[in-house]
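Novice:
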Amino acid sequence: MKLTKFLKEAMHLLLKEPKLFIPKIAVSLLYSVVMLLLSFLLVTHKDIIFLASSGGALSYGQLQDVSVLLFSLLFLLVLSLIMLVIDILVNAMYPVLVNDFYSKGKLSLKRAFLIAMKNSRRVVPTFFIIVILLSVPTAILNSYVLKAHSLTDSLIIALVTLGIYFVLLILFYFLYPAIMLNKRSLSRCFSENFILARKNIGIVAKASLIPFIASLISFVFAFVSALEPLLILLFLVYRTLIAIMFTYHMVLSPAIYLKVRSQ
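Right under this line is the structure:
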């Protein structure tokens, strides 16, 4: 089956059940609050951050400001980790929702979330590690581009790290549905994921462009300050569009999985 067929099926499902957009948009907006709070902290404390990083002497009052800043950053870090767990559970809902649509002709967000919660011991640690693994190329890109001595070096480093990230997306493309739609061990779920991805490499590679492009857009706009009212509005619109792209990806992946698994 061609990718265009899967794309049309996923779009048909989303248009018929627009409530599928709700979980990812909700998570994206919650993430946005954390990102805006981080931007606010960094901008409002930019002077003390510069002074502390330059090694200058700090007064007692400035040390108190640094303590408040560090505590606030720690709070945002914990909040981000909680959001990551929620995001993983929301992603785990989509294979259940797509499977219910094909098998029952109806779906329930509540039921899908409860099933995701029941499988939390399987999906949360697994995808927590994978998210960290997928973050490595971005971290490498950030550090080496800053150290690069020429534009050519920066471009080469960027292409290599983006290539690694894209390959990882392909490798784990079917992992959510493989775990959520099977009661097998994690090792067998990983094995099925890799086998199906390898057998359908053409379709998977093309389909992986959706989360890849969405992630690339997120990376490009991640450093844009959004503290002015108009910028905040544009920022939230952009985050919503990214959420829509990722929703399409999360519906497309199990839709392809269910078809290729039965072949």
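Mapping to this note's numbering: the sequence shown position 34 is 153, numbers consecutive. Just so it is clear, CB atoms sit at the ideal spot from N, CA and C, and this is done for glycine as well.
(1) Residues in the same chain with beta-carbon distance under 6 Å from Asp206, minus the five sequence neighbours each way, listed in chain order, please.
(2) State the CB to CB distance for the pair Val153 and Leu198, rounded to an integer number of angstroms; the pair is presumed to be in contact (CB under 8 Å).
(3) Report the three-state DSSP secondary structure of Ala345 (helix, strand or coil).
(4) Look at the Cβ atom of Ala326, then the Cβ atom of Ile375, and state whether they are nearer than 8 Å.
(5) Quick check: what's the CA-CA separation for Val255 versus Ile275?
(6) What does the alpha-carbon distance come out to for the pair Leu278 and Gly224?
(7) Within a Cβ cutoff of 8 Å, which residues of the same chain sit near Phe125, ignoring the five residues on either side of it in sequence?
(8) Which of the three DSSP states is assigned to Leu300 in this structure?
(9) Helix, strand or coil for Lys237 per DSSP?
(10) Do Thr366 and Leu193 have their C-beta atoms within less than 8 Å of each other?
(11) Helix, strand or coil for Tyr292, going by three-state DSSP, please let me know.
(12) Among Tyr213, Asp184, Pro214, Phe293, whose alpha-carbon lies nearest the alpha-carbon of Val249?
(13) Run through the stretch 302-337 for me and flag every whole alpha helix (DSSP H) of 4 or more residues, listed as ranges in chain order.
(14) Report back the beta-carbon spacing between Leu134 and Pro214 to the nearest angstrom; my notes put them in contact at under 8 Å.
(15) Just confirm the distance between the C-beta atoms of Asn312 and Phe331, as a whole number of angstroms; I'd bet it's less than 8 Å.
(16) Please classify Val356 as buried or exposed, where buried requires at least 16 other C-beta atoms within 10 Å of its C-beta.
(17) Rounded to a whole number of angstroms, what is the C-alpha to C-alpha distance between Ala345 and Ser191?
(18) What residue range is occupied by the uninterrupted alpha helix (DSSP H) comprising Glu128?
(19) Does Leu226 come out as helix, strand or coil in the three-state DSSP assignment?
(20) Restricting to Cα atoms, I'd like to know which of Gln183, Phe159, Tyr295 is closest to Asn210.
(21) Let me confirm a value: Ile298 is counted as buried when at least 16 other C-beta atoms fall within 10 Å, else exposed. Which label applies?
(22) Count the other C-beta atoms from every protein chain shown that fall within 10 angstroms of the C-beta of Thr245, then say buried if there are 16 or more, exposed otherwise.
(23) So Ile361 and Ala333 are supposed to be a Cβ contact under 8 Å. How far apart are they, rounded?
(24) Would Ile259 and Thr280 be called neighbours here (beta carbons separated by less than 8 Å)?
(25) Using C-beta distances below 7 Å, list every residue in its chain close to Leu142, excluding the 5 sequence neighbours before and after it, in chain order.
Specialist: Inspection of the coordinates gives the following:
(1) Val146
(2) 6 Å
(3) For Ala345, the predicted model reports a pLDDT of 49, less than 50, meaning its position is unreliable and no value from the coordinates is stated.
(4) yes
(5) 17 Å
(6) 43 Å
(7) Ile322, Ala326, Leu371, Ala374, Ile375, Lys378
(8) coil
(9) helix
(10) no
(11) coil
(12) For the record, residue 249 in the displayed sequence is Ile; it is not Val. Among Tyr213, Asp184, Pro214, Phe293, the Cα nearest to that of Ile249 belongs to Phe293.
(13) 305-318, 320-326
(14) Contact flag wrong, Cβ pair sits at about 19 Å.
(15) Asn312 to Phe331, Cβ: 18 Å. No contact.
(16) exposed
(17) Unreliable placement is indicated for Ala345, whose pLDDT of 49 sits below 50; the coordinate value is still reported in the next sentence. About 19 Å.
(18) 122-135
(19) coil
(20) Tyr295
(21) buried
(22) buried
(23) 5 Å
(24) yes
(25) First, the residue type needs correcting, since residue 142 is Pro and not Leu in the sequence shown. Around Pro142: Val209, Met212, Leu228.
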